[in-house]
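J.:
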Amino acid sequence: MNILLFRDQEIDADQLVSINDPRRQNHLHKVLKVQVGDQLRVGQINGPVGIGEVIQHDQKSTLVRIILSQTGPKALPLSILLAIPRPKMLRRILQTCATLGVAEIKLINSAKVEKSFWQTPVLQDHEVYEQFLLGMEQGGITHMPKLTQAKLFKPFVEDQLEAWAANTQKLVAHPRDAQPCPPSSLTPTTLAIGPEGGFTDYEVAKLHAQGFTSISLGSRILRVETAIPVAITKLMQL
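In the numbering used here, the protein residues as written are 64 to 301.
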């Protein structure tokens, strides 16, 4: 936990936040071993950052006085169109994307995706929130990515993708007939990443028809959970 994050409704009129949920409190008590008078880096989710002073602390709860003085780090101008991965991998990917500051993730279906993936409890709102929060705490940032779903590939790509990816450079991580990865920048970008085994030729052709360009991330064959941070660090100026 490199930043103590809180929701806007957690801070009271006296600029105090009471931490009593088990996960955060356990980390403050057993890992950080905070004491009264200690100062912590704090941030409001999707808001500013600052310093928090511990004014009360015991095993069950911690009271922190908040001073928010700086704008939180901006999200990267990057949206990821991601074929839904296996649930265990999805947890790690959500955390990674939050840590690195991805703006939005759109989960999409693919021919190589198992239908059962869409039924995973990982997609429940509270679980998504928790994975994003863990990633944000690791990265020391306050921006929480947006997660949406498109369970039908063809209707989304043909009818909605153009608007969703408007005014961005459109790239698909697909090694066949691919161009080199563009140099890192802050160019608004939509990046499509397929499932294990990649998008089918049909799916790639559909993406190309919407203006996507195939790019290579290098000579090595990567798992999806590895390809995502590699692509982000290649494309974006972190």
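Quick reminder that beta carbons are idealized off the backbone N, C-alpha and C, glycines included.
As the structure is a computational prediction, the values presented were derived from the model and not from experiment.
Between the segment 142–158 and the segment 116–129, do three or more beta carbon pairs fall short of 8 Å?
T.: Contact between the segment 142–158 and the segment 116–129 is absent, because fewer than three Cβ pairs lie under 8 Å.
J.: Please state the DSSP three-state secondary structure of V267.
T.: Three-state DSSP puts V267 in a helix.
J.: Answer yes if the segment 131–139 comes into contact with the segment 173–188, meaning at least three C-beta pairs across the two stretches below 8 Å, and no otherwise.
T.: They do not touch, by the three-pair rule.
J.: List the residues that DSSP assigns as beta-bridge partners of Q119.
T.: Answer by DSSP bridge pairing, in chain order: L126.
J.: Are G202 and T231 close, meaning C-beta to C-beta below 9 Å?
T.: Going by C-beta atoms, G202 is not nearer than 9 Å to T231.
J.: Give, in chain order, every unbroken run of the beta strand (DSSP E) that is at least 3 residues long and sits entirely within the segment 180–214.
T.: List check, beta strand (DSSP E) in window: 209–213.
J.: Please go through the same chain and pick out, in chain order, the residues whose beta-carbon is closer than 6 Å to the beta-carbon of E116, but skip the five residues on each side of it.
T.: Q102 and R128, listed in sequence order.
J.: For the candidate residues A213, I143, K209 and Q212, whose alpha-carbon lies nearest to that of T253?
T.: Cα-wise, what sits closest to T253 is I143.
J.: DSSP three-state label for R286, please.
T.: Coil, per DSSP.
J.: DSSP on F69, reduced to helix/strand/coil?
T.: F69 falls in the strand class under three-state DSSP.
J.: How big is the Cα-Cα spacing for R154 and Q187?
T.: Going by the C-alpha atoms only, they are around 12 Å apart.
J.: Pick helix, strand or coil for K217, following the three-state DSSP scheme.
T.: Of the three classes helix, strand and coil, the one that applies to K217 here is helix, per DSSP.
J.: In the structure shown, what three-state DSSP assignment does M299 receive?
T.: In this structure, M299 counts as strand in the three-state DSSP scheme.
J.: Using only the alpha-carbon positions, how far apart do K93 and K123 sit?
T.: Distance between the alpha carbons of K93 and K123: 11 Å.
J.: Using DSSP bridges, identify the partner residues of S247.
T.: Answer by DSSP bridge pairing: none, since S247 is not bridged.
J.: Rank E259, K233 and Q194 by C-alpha distance to the C-alpha of M207 and give the top, closest one.
T.: Selected option, being the one with the closest Cα: Q194.
J.: May I ask which residues mark the beginning and end of the alpha helix (DSSP H) holding K137?
T.: Per DSSP, K137 belongs to no alpha helix (DSSP H) and is neither H nor E.
J.: Please classify P218: is it buried, with 16 or more other beta-carbons within 10 angstroms of its beta-carbon, or exposed?
T.: P218 comes out exposed.
J.: Going by DSSP in three states, Q158 sits in which element: helix, strand or coil?
T.: Here Q158 sits in helix by DSSP.
J.: For E73, which residues from the same chain have a beta carbon less than 6 Å from its beta carbon, with the 5 sequence-adjacent residues on both sides left out?
T.: Closer than 6 Å at Cβ, skipping near neighbours: V80.
J.: For T263, which of V235, P245 and P246 has the nearest alpha-carbon?
T.: Ranking the options by Cα distance to T263, first place goes to V235.
J.: Mind checking whether I82 and L67 have CB atoms under 9 Å apart?
T.: A contact, by the Cβ cut-off of 9 Å.
J.: Along the beta strand (DSSP E) that carries K236, what are the first and last residues, could you check?
T.: The identity of residue 236 in the sequence shown is Ala, whereas the question assumes Lys. Here the beta strand (DSSP E) through A236 covers Q232 to A236.
J.: Would you tell me roughly how many angstroms separate the C-alpha atoms of Q107 and T205, rounded to the nearest one?
T.: If I take the Cα positions, the gap works out to 6 Å.
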